[in-house]
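Working notes, structure below.
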Amino acid sequence: MREPQRTSFVHDLQDGANPDPMTWEDIRRDETWQGRWVALDDCAYNEAGEATAGLVVDYDDNLAELCARLSADRRKRCSIVFCPPAESAA
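In structure tokens:
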């Protein structure tokens with residue numbers, strides 16, 4: 001049975017909550033996002049243009065589904081990065 005399509009979990013945080021951006025190292029250590037595509041908003045970047053911190057607004061195993069939700073939510077400024085699985089996160 002296919003899991004119903006979910007909406008971006010950032011909607012649950014909009015009731016006055018203002019989560020803090022996370023560093024990329026903290027994101028990589030969190031099991032929630034390991035092995036998944038992660039959408040970051042309000043990013044900080046290094047000189048190479050890689051996101052080094054940001055607010056996690058959504059994630060998915062499937063890049064196309066993540067992009068579809070972001071598009072439906074009109075989130076056009078997110079950086080999407082792949083968070084490697086724990087064994088390759090070192």
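To convert, note that position 67 of the sequence shown is 67 in the working numbering; the numbers rise steadily by one, no gaps. Glycine included, each C-beta is placed from N, C-alpha and C at the ideal position.
- Within the segment 30-86, the beta strand (DSSP E) runs of at least 3 residues that lie entirely inside it are, in chain order, 36-45, 51-60 and 79-83.
- The Cβ atoms of A51 and W24 lie closer than 8 Å to each other.
- About 6 Å separates the beta carbons of L66 and A39, which is inside the 8 Å limit, making them a contact pair.
- Residue environment analysis places R77 among the exposed positions, since fewer than 16 neighbouring C-beta atoms fall within 10 angstroms of its C-beta.
- Apart from the 5 residues on each side of it in sequence, D60 sits with its Cβ closer than 7 Å to the Cβ of R36, W37 and L66 in its chain, given in chain order.
- Rounded to the nearest angstrom, the Cβ distance from P19 to D42 is 10 Å, too far for a contact under 8 Å.
- By a beta-carbon distance limit of 8 Å, V56 contacts I27. Their separation comes to about 6 Å.
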